[in-house]
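Protein chains: 2
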Amino acid sequence: MSFAKTAAFTAEQQQLARVAKALAHPARVAIVQLLASKTTCISGDIAAELPLARTTVFQHLQELKALDLIRGEIDGLTVCYCLNTALLRQVQQQFLSFFEAATASPACGPEAACGC
Amino acid sequence: MSFAKTAAFTAEQQQLARVAKALAHPARVAIVQLLASKTTCISGDIAAELPLARTTVFQHLQELKALDLIRGEIDGLTVCYCLNTALLRQVQQQFLSFFEAATASPACGPEAACGC
DNA sequence: ATACTATGTCGTATTTTAACGTCATAGGGA
DNA sequence: TCCCTATGACGTTAAAATACGACATAGTAT
Chain A
1 MSFAKTAAFT
11 AEQQQLARVA
21 KALAHPARVA
31 IVQLLASKTT
41 CISGDIAAEL
51 PLARTTVFQH
61 LQELKALDLI
71 RGEIDGLTVC
81 YCLNTALLRQ
91 VQQQFLSFFE
101 AATASPACGP
111 EAACGC
Chain B
1 MSFAKTAAFT
11 AEQQQLARVA
21 KALAHPARVA
31 IVQLLASKTT
41 CISGDIAAEL
51 PLARTTVFQH
61 LQELKALDLI
71 RGEIDGLTVC
81 YCLNTALLRQ
91 VQQQFLSFFE
101 AATASPACGP
111 EAACGC
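Going down the list, the protein sequences come from chains A and B. Taking UniProt numbering, I'd label the letters of the first sequence as residues 1 to 116. Taking UniProt numbering, I'd label the letters of the second sequence as residues 1 to 116.
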């Protein structure tokens, strides 16, 4: 990928893209949904419910953790992964604003300026 | 990337991940915002407003077009790119449901089962 | 008809993801 | 103590994304 020119975009665009990238894999979407559905959540359980190797799941967990979307607390031999709901609410708001602006735009058609 | 095991996830998870991937680059976020802000929209103008080469922008346009998030109609020497607002509204709904479920989950803390 | 302009296509080098196997570490129980 | 188990770290391979230059094409205007 590389994102060499990333610096030239606005902070909002970069932040939205970062989160979107975090959700850009079905495994990570599934992980978030899984954590949302369970109040208690152990790393091993997550790997067991996904069709991926344990280490691959761990890699996805690390990516989500890098963005602080999820948190992991070591509890003896197991680790409790949890959603960062506070951050998720902020992110939700960002996506909401983005889609509001995008869908508010007049669809291309006979009434549009370009007419296409 | 590869997504070899993609088939093992639900259609919803795959669809969400696909759209998220489309928005996983600041250039594509910027493109959608640009198209939303203008009622008329030409390919060349888009490249001019982004810090990327024309061909790179074209590539991003193609990716958005592959998901049908945007449409392009040839009009003589120029091309009118437009948002597919109908599809965007559907996508917005999917993201909304996803975030609703994620943020509704009780944050990890003293009241949670895991206690972390 | 010719030159100019604006778009699209191709090829490619570099970087990043994805997926997994193997090894390391550390807590708990026999 | 010794072993088992569960997690994390490392290394590697294959596939995909990113970015761009060079070329092709087609419409417009002089």
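Each residue gets a CB set at the ideal place from its N, CA and C atoms; glycine is no exception.
Cβ-Cβ distance between residue i and residue j below 7 Å
i, j, result
"Ala-101 (chain B)", "Val-29 (chain A)", "no"
"Arg-89 (chain A)", "Thr-103 (chain B)", "yes"
"Pro-26 (chain A)", "Gln-14 (chain B)", "yes"
Outcome for residue i when other beta-carbon atoms lying within 10 angstroms are tallied against a minimum of 16
i, result
"Ala-22 (chain A)", "buried"
"Ser-37 (chain B)", "exposed"
"Gln-58 (chain B)", "The sequence given here has Phe at residue 58 (chain B), not Gln. With fewer than 16 Cβ atoms within 10 Å of its Cβ, Phe-58 (chain B) is classed as exposed."
"Thr-85 (chain B)", "buried"
"Ala-105 (chain A)", "Correcting the residue identity first, residue 105 (chain A) is Ser in this sequence and not Ala. Burial call: buried."
"Gln-92 (chain A)", "buried"
"Ile-70 (chain A)", "buried"
"Gln-62 (chain A)", "exposed"
"Ala-24 (chain A)", "buried"
Residue-level contact to chain A via CB, residue i, 7 Å cutoff
i, result
"Phe-58 (chain B)", "no"
"Ala-30 (chain B)", "yes"
"Gln-92 (chain B)", "yes"
"Val-34 (chain B)", "The sequence as given places Leu at residue 34 (chain B); Val does not occur at that position. No, Leu-34 (chain B) lies away from the interface with chain A (no Cβ there is under 7 Å from its Cβ)."
"Leu-83 (chain B)", "yes"
Counterpart residues of residue i in DSSP-defined beta bridges
i, result
"Asp-45 (chain A)", "Paired residue(s): none; Asp-45 (chain A) is not in a bridge."
Cutoff 7 Å: residue i Cβ touching any chain B Cβ
i, result
"Glu-13 (chain A)", "Residue 13 (chain A) is actually Gln in this sequence, not Glu. Yes, because at least one Cβ of chain B sits closer than 7 Å to the Cβ of Gln-13 (chain A)."
"Ser-97 (chain A)", "no"
"Thr-78 (chain A)", "no"
"Leu-87 (chain A)", "no"
Original post:
According to a CB-to-CB cut-off of less than 7 Å, which residues of the segment 43–73 of chain A neighbour chain B?
Top reply: Pro-51, Leu-52, Arg-71 and Glu-73
Original post:
At a Cβ cut of 9 Å, what residues of the segment 16–28 of chain A count as close to chain B, listed as they run along the chain?
Top reply: Leu-16, Ala-17, Arg-18, Val-19, Ala-20, Lys-21, Ala-22, Leu-23, Ala-24, His-25, Pro-26, Ala-27 and Arg-28
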